[in-house]
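>
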Amino acid sequence: MKAIILNLFSALTIIIYSFTQTKVDYNKLITEDHTKVIEQVHLIINIKSRNSKEIKNHLSVVNKRLNGAMKSIEKLKVVIPQERKEVFLPFIAAIRTYHVQATYYSWEIKETLRQTAYNDKLIMAHAKKLNDLIEKAEKENVALRIKLEE
1 MKAIILNLFS ALTIIIYSFT QTKVDYNKLI TEDHTKVIEQ VHLIINIKSR NSKEIKNHLS
61 VVNKRLNGAM KSIEKLKVVI PQERKEVFLP FIAAIRTYHV QATYYSWEIK ETLRQTAYND
121 KLIMAHAKKL NDLIEKAEKE NVALRIKLEE
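For the sequence shown, counting from 1, position 62 maps to 62 in my numbering; every step adds exactly one.
#1: Given a cut-off of 8 Å on the beta-carbon distance, is the pair Y98 and S52 in contact?
#2: Taking the Cβ atom as the reference point for each residue, do I44 and I55 lie within a distance shorter than 8 Å?
#3: Secondary structure at Q154, three-state DSSP: helix, strand or coil?
#4: Let me know the beta strand (DSSP E) ranges lying completely inside the stretch 24-50, each 3 residues or longer, listed in chain order.
#5: Spatial neighbours of R96 within its chain, please: CB distance less than 8 Å, with the 5 preceding and 5 following residues excluded, ordered by chain position.
#6: When you compare the stretch 58-70 with the stretch 22-42, are there three or more beta-carbon pairs, one atom per stretch, that lie closer than 8 Å?
#7: From K142 to L122, what distance separates their C-alpha atoms?
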């Protein structure tokens, strides 16, 4: 019986926490995802072995984090008060645009790796473009955070 009550209490706590997350909390989650994407892309760029399996593993984390950031953006849009949305939507639109472009380069890396004799330079070029886009997205996210804290 104690275990059931403890599980119910834990579930209730998690539900309450998810509803009480603020705009800034979601913004910070986006930053965490961007930071992890940049870390993984740097690992792809600086990888010594050029092992396609290792690159695919890093790419998997990149895609997971890009998806996580997109989910946080959608949640952020929900918690922004209607009367303030017009202030925040340009930042959100810019971040989403950079994410879509970054996802394209992630896909390009994956497609390049499918080739039997893939081109390392092409993978590096795509990874650098992906990195640049996420850095731009994070700059927009920082500007958004400043507005959210006003």
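Even glycine gets a Cβ: it sits at the ideal position worked out from N, Cα and C.
Let me lay it out:
#1: Not a contact, by the Cβ cut-off of 8 Å.
#2: yes
#3: Outside the shown range of the chain (1 to 150) lies residue 154, about which nothing can therefore be said.
#4: none
#5: M70, I73
#6: yes
#7: Residue 142 is actually Val in this sequence, not Lys. Going by the C-alpha atoms only, they are around 30 Å apart.
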